[in-house]
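*Asks:*
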Amino acid sequence: MNSLLTAIPLALADLRRGPGAFLVGVAAVAAVLAPVLILFGLKYGIVSAMTDRLSNDPYVRAIHPLGQTRYDPAWLQRLAAREEVAFLMPLTRYLSAEARIEATGGEMEDDISPSVRIELIPTGTGDPLVADHAAIEALSGDRPGVILSHRAAERAGLMAGEEGTLRVGRKRNHSREEVSLNVRIVSVLPLRAFSRPAAFIDLRLLEATEDYRAAWEVPEFGWEGDRRPETGRHYASFRLYARDPDSIRPLRDWLTSEGVEVETRLARVELVKSIDNNLTFLFLVVAGLGVAGGGLSVALGLWETVLRKRRTLALLRLLGYSNLTLAAFPAIQGITTAGVGSLLALGVYAIVAPFMNLAFSHQLAVGETVCRLLPYHAIAAVGITLLIALFASGAAGMRAWRISPVEALRDE
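For the sequence shown, position 43 (counting from the first letter as 1) is numbered 43 according to the UniProt record's numbering, and the numbering increases by one without interruption.
#1: Let me know if residue 109 comes out buried or exposed under the rule of 16 or more other beta-carbons within 10 Å of its beta-carbon.
#2: Report the start-end ranges of each alpha helix (DSSP H) in the stretch 116-178 that is 4 residues or longer and not cut off at the edges.
#3: Determine the burial state of residue 107: buried for a count of at least 16 other Cβ atoms within 10 Å of its Cβ, exposed for fewer.
#4: Name the residue from 165, 39, 393 whose alpha carbon lies nearest to the alpha carbon of residue 296.
#5: Just the C-alpha distance for residue 418 and residue 331, rounded to the nearest angstrom, thanks.
#6: Could you check whether the stretch 275-287 touches the stretch 376-393, counting it as contact only if at least three pairs of C-beta atoms, one from each stretch, sit closer than 8 Å?
#7: Between which residues of its own chain and residue 243 is the CB-CB distance below 6 Å, once the five residues before and five after are set aside?
#8: Going by DSSP in three states, residue 207 sits in which element: helix, strand or coil?
#9: Which word fits residue 248, buried or exposed, when buried means at least 16 other C-beta atoms lie within 10 angstroms of its C-beta?
#10: Can you name, in chain order, every residue of its own chain whose Cβ lies under 8 Å from the Cβ of residue 414, other than the five neighbours on each side?
#11: Between which two residues does the alpha helix (DSSP H) carrying residue 36 extend?
#12: Could you give the first and the last residue of the continuous alpha helix (DSSP H) run that contains residue 391?
#13: So residue 119 and residue 156 are supposed to be a Cβ contact under 8 Å. How far apart are they, rounded?
#14: Please confirm if the stretch 357-365 is in contact with the stretch 261-269, defined as three or more CB-CB distances below 8 Å between the two stretches.
#15: Where residue 163 and residue 273 are concerned, what is the direct C-alpha to C-alpha distance, given to the nearest angstrom?
#16: Here's the rule I'm using: 16 or more other beta-carbon atoms within 10 Å means buried, otherwise exposed. How should residue 69 be labelled?
#17: Could you check where the alpha helix (DSSP H) with residue 249 kicks off and where it finishes?
#18: Do residue 96 and residue 147 have their beta-carbon atoms positioned less than 7 Å apart in this structure?
#19: Give every residue of the same chain whose Cβ lies closer than 7 Å to the Cβ of residue 48, excluding the five residues on either side of it in the sequence, and list them in chain order.
#20: Do you know whose CA, among 190, 207, 333, 214, lies nearest residue 391's CA?
#21: Measure the CB-CB distance between residue 116 and residue 190 and report whether it falls below 7 Å.
#22: Which two residues bound the contiguous beta strand (DSSP E) that contains residue 103?
#23: Where residue 104 and residue 165 are concerned, what is the direct C-alpha to C-alpha distance, given to the nearest angstrom?
#24: What three-state label does DSSP hand residue 360 in the structure shown?
Okay, here's the thing in structure tokens:
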């Protein structure tokens, strides 16, 4: 340890005496490392932006069963318990999930409020299409509430906080019947969340509309009809969202093994992974060539320094400095050169990255960047550069180790 501590001031003093070679070495390291940092920043920024878009887009994580069948609650509970599932909600038959909505009093002669045909979509806690948890909780109050899509609210002339009338029709005994239900407009979704006219409602309300359309009575709302058979309820379909893009494939495979054919957007996820793999390969090739060239340059530079200062190092041995001190001499100079060069490369990256992000800003969403490094990326880059410099100094260190004090006397 004393030998290493002794070598540090000697090596740094030598760098100060010959700043030209030191600055050339720093520039060489920065010239190799800066493009590598920028390339990795582009790779990480582009892939991160694409991955974030996939993760934040609920339509990418949606898994749609094809057709309709009969799913019992026990099977749906098994599906919901899987760790890949972020949200699951049973669905009734498509024909039962339709209704009309209008502003309260819309059928009065002096009122021109339109009656809009809408989809009825059950929702619940964790629904990725309805990010407002408080609005979901407000659906099941003393008076039923609905969350309207932007298009449904726009066509019906309704706003959050207003009252609306939900109308459900059916054919029974060859006659047309209809019931109405006063509902609260709890919230209105932005257009980007759902583009079709729809109302997101509590599952129990959707089950009530299905029972009514099946000509059964719904005592909860005072809707008349036949007595509902004492049989368990089954569901025709379900809404399913994977926890993340990587969960889509295992969920799809499990559903297929259960005999459920589904439609997914797995191709988009696989495309992003393919781009990530291709960019990673490109980065490794470029970085590998750069590291090899940079390491060789540092090694040759340190070797040349040892040869040039062979007599000086021999005199140090003659004065009593150990072999380890001389061997550490080029290693300390190499690490110092690599460290300063790394800081210079990070400075170049810090200057270039904002300009690259600005150039592509028109193609990016708010908060996205095309060139980005995390703090640990920078720390890892500096650490790897220092390790490469340490290994590159090995040959020069071994040469310095073998220098004998006799060489100083011989030169005299």
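Virtual Cβ for every residue (Gly too), placed ideally from N, Cα, C.
*Replies:* Walking through what the data contain:
#1: Low local confidence applies: a pLDDT of 46 at residue 109 is under 50, so the model's placement there is unreliable, and no value is given.
#2: 133-137, 150-156
#3: The pLDDT assigned to residue 107 is 49, lower than 50, so where the model puts this residue is not dependable; a value taken from the coordinates is nonetheless given after this. So residue 107 counts as exposed.
#4: 393
#5: Residue numbering for the chain in the displayed model covers 1 to 412; residue 418 lies beyond these limits and cannot be assessed.
#6: no
#7: 84, 86
#8: helix
#9: buried
#10: Any property of residue 414 remains undetermined from this structure, which presents the chain solely from 1 to 412.
#11: 19-56
#12: 375-392
#13: Incorrect: roughly 13 Å between the Cβ atoms, too far for contact.
#14: no
#15: 47 Å
#16: exposed
#17: 248-257
#18: no
#19: 372
#20: 333
#21: no
#22: 98-103
#23: 5 Å
#24: coil
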